[in-house]
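Taking it in order: structure first as structure tokens, then the write-up.
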Amino acid sequence: MNLEDQIFKPTSFAGHLVPGIWRYMLPQEIFDFEAPAERRATCMDCPNIQSEQYRPDYRCCTYHPAVPNYALGFALETTTGKNSVQALINNGYSLPEGSLHTPQEWVDYLADNKYEKFGKSEKVLCHLLDKKTGFCTIYAFRNSVCSTFFCENDHGKRGESFWSQTQELVSQVEAALGQWSLEQVGFSVANYMDTLNELSKDLTKLPGTKGGWSAASRKALFGKYYGRETELYRSCAQAIYDHKEDLWDIANSQTIHEASQFELNQLKFVPKEFDSEIDASDFSDGDTIEPKDLWKKLKKTHKKLWQEPEQKLVLNKKVQISKNEKDDQESKHNKGRPYILEFLTKKNGDTYEWRHFLTKKEYQLLSEFKKPRKISTKLNKRHRSKQIAEPNKRIIEWFGKKVLVKDKK
Ligand code: SF4
Ligand code: SF4
């Protein structure tokens with residue numbers, strides 16, 4: 001493999017860096033999309049460290065991502081990824097499909113969510129983050145969840161739905177390519193799923209002494225590749241690399257196998273108190289949706305994303321804007337933003353659901369809506385000259401976030 005190939009370099013998806021393989025495994029049209037800028041997810045200066053007391057080292061990397069086998073294979077070719085992927089394998093955190101949490105690790109994650117420890121976890125920490133630098137060691141190959149997660153969506157529910165559908169599409173393509181690449185190297189995915197189902201009859205035996213999958217379970221699941229895991233991942237990466245121009249078609253023609261008994265037993269393994277934290281969409285109902293159908297759905301969602309409301313818009317009564325008095329940690333950190341927008345839990349209330357710090361120019365633009373008004377070319381022009389990039393789009397985002405609402409009069 002040529003390390004200078006584009007598949008090894010992150011690529012830009014509407015201003016966001018995503019793995020280079022995206023340019024091969026997804027329809028080209030996706031790169032014409034205008035995705036939300038997600039200005040609040042400033043990962044290199046994570047706001048949640050101040051506002052939510054997230055760990056400064058891990059921030060939102062307090063979960064165990066399922067990274068596909070071929071992606072681990074690509075990472076093994078790189079200086080930053082080689083050691084972390086090797087450690088992942090040595091500690092038993094990966095299976096033939098790629099990295100995968102054990103049922104116990106999943107319960108720990110649900111417990112964190114229940115007790116609001118996401119971002120603050122002591123137990124659930126991604127094995128692929130470099131603790132010294134806080135950087136992702138497989139950044140150019142990270143999975144669908146890591147590539148599309150933004151802790152805050154500038155565009156509110158519409159933006160959230162755009163990213164979750166992008167994630168769903170990419171995740172389905174990743175699963176298909178992971179299984180296809182295993183079959184290319186002569187590894188039976190159907191037998192692997194049967195073994196996983198069989199092993200799940202006693203989930204307590206699956207974790208090993210170091211916390212990952214036990215040696216016995218990995219021996220059964222990897223078969224002849226047990227002890228040769230890096231060889232398996234590299235071969236999967238090579239198969240993907242050799243067929244990079246056909247990945248979208250491959251993903252759409254691949255039958256995705258599932259270990260449904262394992263999934264069911266894993267669900268039963270969750271203590272009742274954490275049931276409320278289970279996301280039903282993480283589990284298949286037996287019907288696999290083809291990537292091309294997910295793509296159709298995503299295109300429709302994207303089309304609606306920037307639709308201008310025809311009615312006049314006005315500031316929501318639950319919005320309160322005040323001066324930034326720099327009287328707490330977060331306000332001090334945002335000292336360059338002189339105004340605070342608070343989205344109150346109820347009209348005229350004294351607690352807020354969330355708050356944003358506004359620049360003077362954002363404040364001026366938002367203040368236009370103290371009285372009901374329509375989005376117009378004139379308004380756009382006036383504020384663009386004040387160096388706000390695409391004011392109308394900013395207004396549509398505020399509308400999506402319910403900062404602006406349709407005028408009822
Ligand atoms: S996405 Fe994660 S790292 Fe980035 S700003 Fe949000 S919490 Fe911080
Ligand atoms: S793979 Fe990288 S981005 Fe994803 S959780 Fe781990 S360290 Fe964070």
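Using the numbering used here, read the sequence shown as starting at 1 and increasing by one per residue.
Backbone N, C-alpha and C define an ideal beta-carbon position, used for all residues, glycine too.
Remember, it's a predicted structure, so these values are computed and weren't measured experimentally.
Rounded Cβ spacing between residue i and residue j (contact assumed at less than 8 Å)
{"i": "S121", "j": "T62", "result": "4 Å"}
{"i": "N392", "j": "G212", "result": "At roughly 50 Å, the Cβ-Cβ gap does not stay under 8 Å, so N392 and G212 are not in contact."}
{"i": "G400", "j": "R40", "result": "So it is not a contact: roughly 13 Å between Cβ atoms."}
{"i": "Q238", "j": "M25", "result": "Not quite, the Cβ-Cβ distance comes to about 16 Å (not below 8 Å), so this is no contact."}
{"i": "V314", "j": "L203", "result": "The pair is not a contact, with the Cβ atoms about 54 Å apart (cut-off 8 Å)."}
Bounding residues of the alpha helix (DSSP H) (the contiguous stretch that carries residue i)
{"i": "S181", "result": "156 to 184"}
{"i": "R384", "result": "377 to 384"}
{"i": "H333", "result": "329 to 333"}
{"i": "V67", "result": "Run containing V67: none; DSSP gives neither H nor E here."}
{"i": "T137", "result": "First-last for T137: undefined, no H or E at that position."}
{"i": "L26", "result": "Run containing L26: none; DSSP gives neither H nor E here."}
{"i": "H302", "result": "291 to 305"}
Through-space distance from residue j to residue i, alpha-carbon basis
{"i": "Y115", "j": "Y241", "result": "42 Å"}
{"i": "N324", "j": "P309", "result": "31 Å"}
{"i": "T255", "j": "A176", "result": "7 Å"}
{"i": "D112", "j": "C46", "result": "20 Å"}
{"i": "D328", "j": "T230", "result": "49 Å"}
{"i": "R337", "j": "E183", "result": "54 Å"}
{"i": "R142", "j": "E368", "result": "41 Å"}
{"i": "K117", "j": "D108", "result": "10 Å"}
{"i": "E390", "j": "K360", "result": "16 Å"}
{"i": "C151", "j": "L169", "result": "19 Å"}
{"i": "N265", "j": "L196", "result": "11 Å"}
{"i": "K219", "j": "W22", "result": "32 Å"}
{"i": "V415", "j": "Q172", "result": "Since the displayed the chain opens at 1 and closes at 409, residue 415 lies outside it and no answer follows."}
{"i": "S260", "j": "D249", "result": "26 Å"}
{"i": "K300", "j": "F33", "result": "12 Å"}
{"i": "L305", "j": "K201", "result": "45 Å"}
{"i": "A190", "j": "E198", "result": "12 Å"}
{"i": "E160", "j": "N153", "result": "6 Å"}
{"i": "K9", "j": "A140", "result": "6 Å"}
{"i": "K332", "j": "F357", "result": "11 Å"}
{"i": "H127", "j": "H243", "result": "29 Å"}
Cβ neighbours of residue i in the same chain (closer than 6 Å, five flanking residues each side left out)
{"i": "G81", "result": "A75, T137, I138"}
{"i": "S147", "result": "V18"}
{"i": "P36", "result": "D154, H155, G159"}
{"i": "C236", "result": "N69, Y70, G73, S181"}
Enclosing beta strand (DSSP E) for residue i [first to last residue]
{"i": "I321", "result": "319 to 323"}
{"i": "F399", "result": "Element bounds for F399: not the beta strand (DSSP E) but the alpha helix (DSSP H), 391 to 400."}
{"i": "S281", "result": "Note, S281: premise wrong, no beta strand (DSSP E); not H, not E."}
{"i": "K406", "result": "404 to 406"}
{"i": "I340", "result": "339 to 344"}
{"i": "F357", "result": "352 to 358"}
{"i": "F13", "result": "11 to 13"}
{"i": "L88", "result": "It is not in any beta strand (DSSP E) - L88 instead sits in the alpha helix (DSSP H) that spans 79 to 90."}
{"i": "L264", "result": "It is not in any beta strand (DSSP E) - L264 instead sits in the alpha helix (DSSP H) that spans 260 to 269."}
Same chain only: Cβ atoms within 7 Å of residue i, ignoring 5 sequence neighbours per side
{"i": "E52", "result": "G119"}
{"i": "G104", "result": "Looking at the sequence provided, one finds Gln at residue 104 rather than Gly. Here the set comprises P207."}
{"i": "I289", "result": "Q172"}
{"i": "L221", "result": "L95, P96, Y192, T195, L196"}
Contact set for residue i: own chain, Cβ-Cβ below 8 Å, skip 5 residues either direction
{"i": "Q307", "result": "I396"}
Min CB distance residue i to chain B below 7 Å
{"i": "S144", "result": "Any reference to chain B falls outside this structure, which holds one protein chain only."}
Let me have the residue list for ligand 1: C-beta closer than 5 Å to any non-hydrogen atom, ordered along the chain. A41, C43, C46, N48, R59, C60, C151
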